[in-house]
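Q:
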Amino acid sequence: MIGHAGPGIGFLLIGLWHLYNHIKLYSLRPKTYVAPPWFPNRKLRYLELILIIGGSLLSIAAELFIGPEKHQPFDSDGTIPSNHLHNFEHAAISFTFLVYASFAVYFDRMKMKMGDSMTQILAGIAFAQQYLLFHLHSADHMGIEGQYHWLLQLVIVVSLATTLIGIAISAKELPNQLCAVS
């Protein structure tokens, strides 16, 4: 359950942060508004990205080392036990968001001209990978858990679609606001 609740709360908080900032920035400059892929904080510029990096690292550690009974992700023969495959699926999702946030910091620090576009593309890749893993992970879930995973997949598809639309068009306010709401 920790593998779902912790990251879910993190995504909710980041989504609310994005929604607040999109509304604030759009209301200040409705004619010239272009949505950034992440929002710097006044006191600590990379706070959002640091929280994503920290949350991703914590999630990976919890899934691979803290959660398993022996605190070891592999069997004694070096194979992945089948009852731990879901831990690797969750860790893979967290790893993709770790890569996204790390490169977002790198692109910003290097002042790359296409940094925002590359960051959006990495976000799209992260959501696509998250959708694929959730889809495969949900194949054997029935009942209320299956419905919960179907709802999660719907939210992920909306986030992926709005991220891709945000890449494709220059007036990004609607797709990014929808992504923040999802």
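Using UniProt numbering, read the sequence shown as starting at 1 and increasing by one per residue.
Beta carbons: idealized from backbone N, C-alpha and C, even for Gly.
Since the structure is predicted, the reported quantities are computational estimates derived from the model, not experimental observations.
1) Measure the C-alpha to C-alpha separation of S59 and L28 and round it to an integer number of angstroms.
2) Pop quiz: T119 and P37 are said to be a contact at Cβ under 8 Å. What is the actual Cβ separation, rounded to whole angstroms?
3) Could you tell me whether the Cβ atoms of I167 and S102 are closer together than 8 Å?
4) Along the alpha helix (DSSP H) that carries E145, what are the first and last residues, could you check?
5) Whole angstroms is fine: what's the gap from G8's alpha carbon to T96's?
6) Do the CB positions of Y100 and L122 come within less than 8 Å of each other?
7) Would DSSP call Q72 helix, strand or coil?
8) Can you say whether H141 is buried or exposed, counting buried as having 16 or more other CB atoms within 10 angstroms of its CB?
A: Let me lay it out:
1) 36 Å
2) 4 Å
3) no
4) 143-168
5) 15 Å
6) yes
7) coil
8) exposed
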